[in-house]
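Here the sequence shown stands for residues 767 to 1036, where the numbers follow our numbering.
In what follows, a structure is listed as structure tokens, so that the remarks can point back to it.
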Amino acid sequence: MAVGVFDSGLGGLTVYDACAKRLPDVAFCYYGDNAHAPYGVRDADDIFNLTCAGVERLWDEGCDLVILACNTASAAALRRMQESWIPEGKRVLGVFVPMIEALTERKWGDNSPPREVAVKHVALFATPATVASRAFQRELAFRAIGVDVEAQPCGGVVDAIEDGDEILAEALVKSHVEALKRRMPRPEAAILGCTHYPLMQKTFQEALGADVAVYSQANLVAESLADYLTRHPDFMGAGTESKFLTTGDPSSVSSHATQFLRHPIRFVAA
């Protein structure tokens, strides 16, 4: 048994890496659905079905707790999964809530009514499917009032990162930031609403300006997971070695993952 980490491709490795560093005694099983990436241009039913298939595969590995380290899956599928699909004894958690807790300066698990917060103008950068779902705005509304969110669908960025084309990814990020700033010239905070985007955080920060607080998810999710496992230690699992599964070509995915994290990662066929 281990803690499962699901992603449409390589982006969730940013979350896995932060979780592994924060929880060095926990074994993780990572599932990348590289054969069907990116999810951000798919419809909601497609995302739901692919996400369920990946989570079931992680359950087969003994992962009773699965983190959806994919904002698109968290936005388009998680609520439906929790309402009608996840069986007793299993848990599937998303990546939006820890980031919103940090943005609104609420402690993890604070279920008090929504209230005014310091940040009033927030830029959200995410995949087209995440933007279309409005899941971020819905979760934010549970915790904060009076916050203006301007969302920018960042088409092409995930593909460029997955392909290892950093020059194209940087150019696309700058273009998307410019497009958002035409609609919201002075955001106070920016949310990197895709787990691929931390790899481009420096480019986002430079394009937005030094006075904009940029939030990315990996460390926030790792802290939230550590808190969750403290409260629910039975979900930690008894595994001792991490494992990496992919629906894509294991050799190619391993090569890209190693480049991605700057240390060797070996994937096997899911």
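Positions of the beta carbon are idealized from the N, C-alpha and C atoms, including for glycine.
The model shown is predicted, which means the values in this text are computed figures rather than measured ones.
- Remark: three or more beta-carbon pairs, one from each stretch, lie closer than 8 angstroms, so the stretch 892–909 and the stretch 858–872 are flagged as touching.
- Every alpha helix (DSSP H) of 4 residues or more that sits fully in the stretch 811–876 is shown, in chain order, as 837–842, 844–850, 862–869.
- Here Ala-801 has Thr-1013, Gly-1014 as same chain residues with Cβ atoms under 6 angstroms from its own Cβ, once five neighbours each way along the sequence are excluded.
- Scanning Ala-956, Tyr-981, Thr-969 for the CA closest to the CA of Val-888 turns up Ala-956.
- Contact annotation: the stretch 780–794 touches the stretch 992–1006, with at least three C-beta pairs closer than 8 angstroms.
- In this structure, the CA atom of Gly-770 is about 15 angstroms from the CA atom of His-998.
- DSSP places Arg-952 outside both helix and strand once states are collapsed to three, so it counts as coil.
- Here Pro-804 is buried: its Cβ has 16 or more other Cβ atoms, across all protein chains shown, within 10 Å.
- Distance from the CA atom of Gly-930 to the CA atom of His-1022, rounded to whole angstroms, is 7 angstroms.
- DSSP places Val-885 in the coil class of the three-state scheme, outside both helix and strand.
- Taken through DSSP and simplified to helix, strand or coil, Pro-790 comes out as coil.
- CA-to-CA, the gap between Ala-843 and Pro-1030 works out to about 31 angstroms.
- The closest CA to that of Asp-876, considering only Ser-990, Val-1019, Asp-925, Gln-903, is found on Ser-990.
- A contact between stretches requires three or more CB pairs, one per stretch, nearer than 8 angstroms, and the stretch 962–978 meets this requirement with the stretch 938–949.
- From the listed residues Asp-826, Ala-810, Gln-983, Asn-815, the smallest Cα separation to Lys-1009 is found for Asp-826.
- Our two residues, Ser-1018 and Ala-1035, have alpha carbons roughly 11 angstroms apart in a direct line.
- In the DSSP annotation of this structure, Glu-1007 is not part of any alpha helix (DSSP H), being labelled neither H nor E.
- Judged by pairs of C-beta atoms under 8 angstroms, the stretch 829–839 touches the stretch 811–821, as three or more such pairs exist.
- At least 7 angstroms separates the beta-carbon of Ala-768 from that of Ala-984.
- In this structure, Arg-808 keeps its C-beta atom at 7 angstroms or more from the C-beta atom of Leu-831.
- Given a length threshold of 3 residues, each whole run of the beta strand (DSSP E) inside the stretch 897–931 is given here in chain order: 914–919.
- If you check the CB distance, Pro-919 and Val-939 do not come in under 7 angstroms.
- By the CB criterion at 7 angstroms, Leu-824 and Gly-860 fall outside the cutoff.
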